[in-house]
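Asks:
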Amino acid sequence: MNNIAYLKGVLADGHVYDGKGTIRIVVRQKDDVWLRRFIAPVIKQITNKEPKIIQTSDGIYMLWIYVRKNEIPKETLEILLQPLNEVKFENGDSSISFVRGFFEAEGQLYISKNKKQDFRVIMHQKDSKVLENVKEVLDKLEIKSKIYGPYKNDKSYIFRLIIFTKRNVEKFWKTIEPSNSIKFNKKVNFLSA
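Going by numbering that gives the first Met the number 0, the sequence shown opens with residue 0, and the numbers climb by one from there.
Quick look at the structure:
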């Protein structure tokens, strides 16, 4: 269940298209290493199929796979097709896996170059209900966070969930254990210093 919860979190930056007898899972990211090292193995484990990764004309990498609905367990299919703002995992480990996937897809670690001890974890989402669900998990883990917004972003609005202070950021990092992808490596080394 943890891999499914993780993938559902990652799908904040992707989609599951529901066809008649198939689904298509798509994840788009700038970081192809993250897609290859972390996302492709999870999808392969869930679907027993090797996903494809291509670079699109806008320079973004797209991982995708078609799967027949009858080839994956019904519970897995239901979770994958469930709207992101309705997702809640009762199991603590699954909730943490969901937040990990969500953060890796939609989050960033901010460390100020000018202000000492100014550390933040920031996660973005158009749907504030998704961030409320993430915040609920963080509250249970006693990791303080706050939701801000909406903010105008190009053509739409987004909300931000922010975790402030080095102590809270460190607790988030130790509890959620995001992958040390290229996106975070330098900053994580600085955080642990």
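For each residue, glycine too, the CB sits at the ideal point set by N, CA and C.
Spell out the partners DSSP gives residue 60 in its beta bridges.
Replies: The partner list for residue 60 (beta bridge, DSSP) reads 28 and 54.
Asks: Can residue 128 and residue 84 be called in contact, C-beta distance under 8 Å?
Replies: Their beta carbons are under 8 Å apart, which means residue 128 touches residue 84 by this criterion.
Asks: Could you name the residues that DSSP lists as bridge partners for residue 158?
Replies: BP columns for residue 158 point to 124.
Asks: Less than 8 Å between C-beta atoms, sequence neighbours within five positions excluded: which residues of the same chain meet that for residue 170?
Replies: Closer than 8 Å at Cβ, skipping near neighbours: 140, 141 and 142.
Asks: Taking just the CA atoms, how far does residue 42 sit from residue 75?
Replies: Approximately 12 Å, taken between the alpha carbons.
Asks: Can the beta-carbon of residue 11 be found less than 8 Å from the beta-carbon of residue 101?
Replies: Yes, Cβ-Cβ distance for residue 11 and residue 101 is below 8 Å.
Asks: Excluding the 5 residues flanking residue 14 on each side, which residues of the same chain have their C-beta closer than 7 Å to its C-beta?
Replies: Contacts found: 25.
Asks: Can you tell me whether residue 103 is buried or exposed, with buried defined as 16 or more other CB within 10 angstroms of its CB?
Replies: Under this definition residue 103 is a buried residue.
Asks: Let me make sure I understand the geometry here. Which of 65, 138, 111 and 160 has the alpha-carbon closest to that of residue 21?
Replies: Taking only the C-alpha atoms, the option nearest residue 21 is 65.
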